[in-house]
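Residue numbers (the working numbering): 3 to 242. Beta carbons are placed, not taken as given, at the ideal position from N, Cα and C, and that holds for glycine. One structure below.
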């Protein structure tokens, strides 16, 4: 690996612009390749008074839902995955989460199980293509009502552009299964194997790792929390 490693960032463009500063501050060059975007879906607002809990697994789920709903019912207990999603709710919408899990819906399930939270009806605004981890709550007697509020869109590029960016990169960072699957929408799996030989792969969480390894690729590292700051610091250690 070069003294100044080059990382390929694959998340949405606005996120790459924010994350780029983190890597550059540590002397890590960034190769931007935004592979996904998001599109709102039309949805019917369910009667909030019928629910005991509402679950948010991402900042985008929060924004797409609350752009239409405007205000949450005060009785709803807000279940959240991720510190950034929790802080987004506090800072932008003045909503205090009832329970925050560190990094995945599986960890939320464990927290709820350990706290012996009483079962109830859970409203789940989410992406059309979403993680199935939230369904673990049904094992504890919770009734889930899934409302797709947005969809993920795979971005397409000329093959030569993708190949050139992959050739430059030392480390590929995937922040969701969708970022990896969007890459496969642009390249054949056999091509990808050839193009990333000798490069390191970082997945932001276990769900993303599984999506990558299910296709036969090896993930070199997963951070303890879904944090780009942690990833950048770890990569810095690899070269010092």
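The C-beta separation of residue 149 from residue 127 comes to about 5 Å, placing the pair in contact by the 8 Å criterion.
Per DSSP, residue 159 has no beta-bridge partner at all.
Going by DSSP, residue 125 is part of the beta strand (DSSP E) stretching over 123-129. Counting along the chain, residue 113 sits inside the alpha helix (DSSP H) bounded by residues 107-117. Between residue 151 and the set 16, 60 and 6, the nearest pair of CA atoms involves 60.
Counting along the chain, residue 64 sits inside the alpha helix (DSSP H) bounded by residues 61-71. Within the stretch 147-198, the runs of beta strand (DSSP E) that reach at least 3 residues and sit entirely inside it are, in chain order, 173-176.
Pairing residue 84 with residue 29, the inter-Cα distance amounts to about 27 Å. For a cut-off of 8 Å, the C-beta gap from residue 81 to residue 57 is around 5 Å, short enough to register as a contact. Distance from the CA atom of residue 234 to the CA atom of residue 13, rounded to whole angstroms, is 15 Å. A buried status is given to residue 132, since no fewer than 16 other beta-carbon atoms sit within 10 Å of its beta-carbon. Between residue 176 and residue 198, the gap from beta carbon to beta carbon reaches 9 Å or more.
Of the residues 122, 157, 160 and 154, the one whose Cα lies closest to the Cα of residue 142 is 122.
The Cβ atoms of residue 204 and residue 173 lie closer than 9 Å to each other. In the structure shown, residue 235 adopts helical secondary structure according to DSSP, grouped into three states. Secondary structure note for residue 211: it is in no beta strand (DSSP E), and the uninterrupted alpha helix (DSSP H) holding it is 208-215.
Within the same chain, and ignoring the five residues on either side of residue 130 in sequence, the residues whose Cβ sits closer than 8 Å to its Cβ are 43, 150, 152, 153 and 154.
Under the three-state reduction of DSSP output, residue 104 falls in the coil class, being neither helix nor strand. Sequence-distant Cβ neighbours of residue 214 in its own chain, meaning closer than 7 Å and more than five residues away, are 176, 182, 203, 205 and 221.
Beta bridge pairing from DSSP links residue 75 with no other residue.
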